[in-house]
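Visitor: After the structure tokens below, expect a handful of questions from me.
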Amino acid sequence: MTEVTSEETLGTSFYQPGDPVKQTLVFGTGCSQRVGEFAKTLGSHALVVTDPGIMTAGHPQKILDSLHQAGIKTFLFDGSVENPSDSSVQACALKASAIGVDVVIGVGGGSSLDTAKGANFILTNGGSMKDYWGVGKAKNPLLPMIAIPTTAGTGSECQSYALISDDQTKRKMACGDPSALPRITLLDPELTLSQPMSVCMATAMDALAHTLESAVCTKRNESSDYHAKRGFSLLVRNMEQVWQCPDDLDARGAVFLGAAHAGAAIERSMLGAAHALANPLTAKKGVIHGQAVSLTLPAVMAYNREDSAVCQIYAEMAKVAGITECGSSDNDAFHQLLSTVIRLRKTAGLPELLDAVGCHDLELEELAQDASEQWTATFNPRKVEAPELLRIYYSIKDYANR
Ligand SMILES: [Zn+2]
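Position in the sequence shown (first residue = 1) + 3 = my numbering.
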């Protein structure tokens with residue numbers, strides 16, 4: 004079931020009065036090949052940022068053709084790397100600075116979109132990414148950006164933040180500016196067909212975590228609530244269908260749109276302890292982000308539901324998505340929600356124990372300390388400092404093998 008509304012197809016549902024930058028989100032099979040028509044409204048010299056894997060899949064060539072047909076001069080940077088660092092972003096900006104670009108186009112997964120956003124900071128404001136760590140540090144507005152994601156998951160296409168690693172410490176720097184939000188996002192479900200199934204599963208679980216964390220964290224609000232619930236429903240009702248029938252474009256479209264709503268929910272709210280606990284697993288143990296988040300999420304949900312207001316939100320999400328009956332108690336609805344998340348993680352074959360990702364008890368104290376220093380930890384609805392985070396790491400095993 005696609006369940007996509009006409010507002011979503013037209014892209015009007017992602018912009019609400021009061022949002023600092025108007026974002027147009029276009030959804031539909033083949034829409035990425037209209038990029039020339041959209042880019043023409045923003046500039047005439049485009050920097051197209053992608054990575055070698057996406058080049059092999061052949062998507063950028065069609066996008067370049069569309070841009071050329073519209074009379075746009077293009078410069079292609081196909082060297083984006085996974086978990087982009089300051090130096091990889093600098094390499095992209097350096098190559099593009101010579102040609103005077105006036106529009107930036109990111110094509111690919113979160114890493115390509117983050118590289119495009121990061122290069123945009125450097126091209127317009129100079130310096131290094133450390134200078135933009137935080138919010139609103141750029142003095143000059145960034146160039147308009149078009150996002151063409153090929154992965155349903157990160158939600159970067161609906162966010163004004165670039166996540167860039169520090170080359171030395173490997174710490175992720177969230178660099179945000181209202182003008183970094185892509186002006187136009189083209190969601191073409193066909194582009195996700197090239198996504199390997201293991202990536203597809205991990206990123207869908209990550210997107211699910213984005214809805215569940217942004218819905219309950221301390222920055223939650225009416226607008227983020229709308230996107231979190233909408234994203235959660237689209238994801239939870241369609242992700243298994245994509246895993247079972249990878250060619251089902253309707254289900255893929257729904258998951259793609261759900262992940263974009265999840266990104267919009269983070270943009271308007273924040274994340275919480277599941278991401279704070281996951282980030283050190285990625286930085287220190289090399290665990291893939293989606294695997295790390297789905298490992299920590301159930302234990303964090305169980306910790307957070309002790310707050311009755313949070314338990315009520317979890318229950319609402321379960322009811323809105325139809326995974327529990329409307330008349331269920333908050334407690335019952337929460338348990339349905341938790342077991343759904345655990346079931347989906349199992350179906351996806353993702354790790355359920357810290358041991359399975361090479362993390363042993365002796366290391367947890369240090370990881371919990373790292374987790375307590377993560378920005379997202381400060382927004383968790385229940386207070387989490389190193390001792391609580393350590394207890395949550397230990398409790399992960401209670402939610403495995405159910
Ligand atoms: Zn995430």
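For each residue, glycine too, the CB sits at the ideal point set by N, CA and C.
Beta-carbon separation of Trp378 and Ala279 under 9 Å?
Guide: Yes.
Visitor: Specify the secondary structure class of Pro63 as computed by DSSP and reduced to three states.
Guide: DSSP places Pro63 in helix when its eight states are reduced to three.
Visitor: When DSSP labels each residue in this structure, what does Gly39 get in the three-state scheme?
Guide: Looking at Gly39 - three-state DSSP - the assignment turns out to be helix.
Visitor: For a test of the three-state rule: what should DSSP assign to Ser69, helix, strand or coil?
Guide: Here Ser69 sits in helix by DSSP.
Visitor: Exposed or buried, what is Ser332 when buried is set at 16 or more other beta-carbons lying within 10 Å of its beta-carbon?
Guide: By the neighbour-count rule (16 or more Cβ atoms within 10 Å), Ser332 is not buried but exposed.
Visitor: What is the rounded straight-line gap between the Cα of Gly474 and the Cα of Leu126?
Guide: With the chain covering 4 to 405 only, the question about residue 474 has no answer from this structure.
Visitor: Apart from the five residues just before and just after Ser91, which ones in its own chain have a Cβ nearer than 6 Å to its Cβ?
Guide: Taken in chain order, the residues that qualify are Val84.
Visitor: Quick one: residues in its chain with C-beta nearer than 6 Å to the C-beta of Ala265, no 5 flanking neighbours on either side, listed in chain order?
Guide: Counting only Cβ-Cβ distances below 6 Å, and skipping sequence neighbours, we find Gly158, Ala210, His213, Thr214, Gly234.
Visitor: Just the Cα atoms here: how many angstroms apart are Gly330 and Asp228?
Guide: Between Gly330 and Asp228, the C-alpha separation is close to 21 Å.
Visitor: Compute every distance between the C-beta of Ala351 and the non-hydrogen atoms of ligand 1, then say whether any falls below 8 Å.
Guide: Flag unset: Cβ of Ala351 not near ligand 1.
Visitor: Whole angstroms are fine: how far does the CA of Phe78 sit from the CA of Leu50?
Guide: Approximately 5 Å between the Cα atoms of the pair.
Visitor: Ligand 1 heavy atoms versus the CB of Leu209: any closer than 8 Å?
Guide: Contrary to the premise, residue 209 reads as Asp rather than Leu in this sequence. It does: the Cβ of Asp209 is within 8 Å (strictly closer) of some heavy atom of ligand 1.
Visitor: Could you give the distance in angstroms between the alpha-carbon of Thr5 and the alpha-carbon of Gly121?
Guide: The pLDDT assigned to Thr5 is 48, lower than 50, so where the model puts this residue is not dependable, and the model offers no usable value.
Visitor: Any chance you could list the alpha helix (DSSP H) runs of at least 4 consecutive residues sitting entirely within the segment 87-134, in chain order?
Guide: Fully enclosed alpha helix (DSSP H) runs of 4 or longer: 89-100, 113-128.
Visitor: What does DSSP give as the partner residues of Ala177 in its beta bridges?
Guide: In DSSP, Ala177 forms a bridge with Leu166.
Visitor: Please classify Lys386: does DSSP put it in a helix, a strand, or coil?
Guide: Three-state DSSP puts Lys386 in coil, outside helix and strand.
Visitor: Does the beta carbon of Gly293 fall short of 8 Å from some heavy atom of ligand 1?
Guide: Answer for Gly293: yes, Cβ within range of ligand 1.
Visitor: Between Arg174 and chain D, is the shortest Cβ-Cβ distance under 9 Å, so that the two count as touching?
Guide: In the structure shown, chain D cannot be found, because there is only a single protein chain.
Visitor: Out of Gly129, Leu284, Pro390, His230, point me to the one whose CA is closest to Ala94's CA.
Guide: That would be Gly129, whose Cα lies nearest to the Cα of Ala94.
Visitor: Which residues in the same chain have their Cβ closer than 8 Å to the Cβ of Gln315, if we skip the five residues on either side of it in sequence?
Guide: Excluding sequence neighbours, Gln315 sits near Asp333.
Visitor: Do Pro384 and Asn282 come within 9 Å of each other at the CB atom, strictly closer than that value?
Guide: In this structure, Pro384 does not lie closer than 9 Å to Asn282 by Cβ.
Visitor: In terms of alpha-carbon separation, which member of Leu392, Thr195, Val107, Ala42 lies closest to Thr32?
Guide: Among Leu392, Thr195, Val107, Ala42, the Cα nearest to that of Thr32 belongs to Thr195.
Visitor: Applying the criterion that 16 or more other CB atoms from any shown protein chain within 10 Å of the CB defines a buried residue, is Ala139 buried or exposed?
Guide: One point to set straight first is that residue 139 is Gly, not Ala, in the sequence displayed. With fewer than 16 Cβ atoms within 10 Å of its Cβ, Gly139 is classed as exposed.
Visitor: With a cut-off of 8 Å, do at least 3 Cβ pairs link the segment 368-377 to the segment 392-401?
Guide: Contact between the segment 368-377 and the segment 392-401 is present, because at least three Cβ pairs lie under 8 Å.
Visitor: For Ala262, which of Thr172, Ala155, Phe30, Ser182 has the nearest alpha-carbon?
Guide: Of the candidates Thr172, Ala155, Phe30, Ser182, the one whose C-alpha sits nearest the C-alpha of Ala262 is Ala155.
Visitor: Touch check for the segment 181-189 and the segment 235-253: three-plus C-beta pairs under 8 Å?
Guide: No contact exists between the segment 181-189 and the segment 235-253.
Visitor: Among Phe124, Asp401, Ala165, which residue has its Cα nearest to the Cα of Leu345?
Guide: The question names Leu, but residue 345 is Ile in the sequence shown. That would be Asp401, whose Cα lies nearest to the Cα of Ile345.
Visitor: Could you tell me if Asp54 is buried or exposed, where buried requires 16 or more neighbouring beta carbons within 10 angstroms of its beta carbon?
Guide: Per the 10 Å Cβ criterion, buried.
Visitor: If contact is defined by three or more beta carbon pairs under 8 Å, each pair taking one atom from either stretch, is the segment 215-223 in contact with the segment 164-180?
Guide: No: fewer than three Cβ pairs fall under 8 Å.
Visitor: Apply the 10 Å Cβ neighbour rule to Glu355 and answer buried if 16 or more other Cβ atoms are within range, or exposed otherwise.
Guide: By the 10 Å Cβ count, Glu355 comes out buried.
Visitor: In this structure, does DSSP put Leu215 in helix, strand or coil?
Guide: In this structure, Leu215 counts as helix in the three-state DSSP scheme.
Visitor: CB of Leu274 to nearest heavy atom of ligand 1: below 8 Å?
Guide: Yes - ligand 1 has a heavy atom lying nearer than 8 Å to the Cβ of Leu274.
Visitor: To which residues of the same chain is Lys288 closer than 7 Å at the C-beta, ignoring the five residues directly before and after it?
Guide: These residues qualify, in order along the chain: Val360, Gly361, Cys362.
Visitor: Does at least one heavy atom of ligand 1 sit under 8 Å from the Cβ of Thr299?
Guide: Because no heavy atom of ligand 1 lies under 8 Å away, the Cβ of Thr299 does not count as near it: no.
Visitor: I'd like the list of long-range same chain contacts for Ala60, defined as Cβ closer than 6 Å, with 5 residues on each side in sequence excluded.
Guide: Within the same chain, Ala60 has close Cβ partners Ser197.
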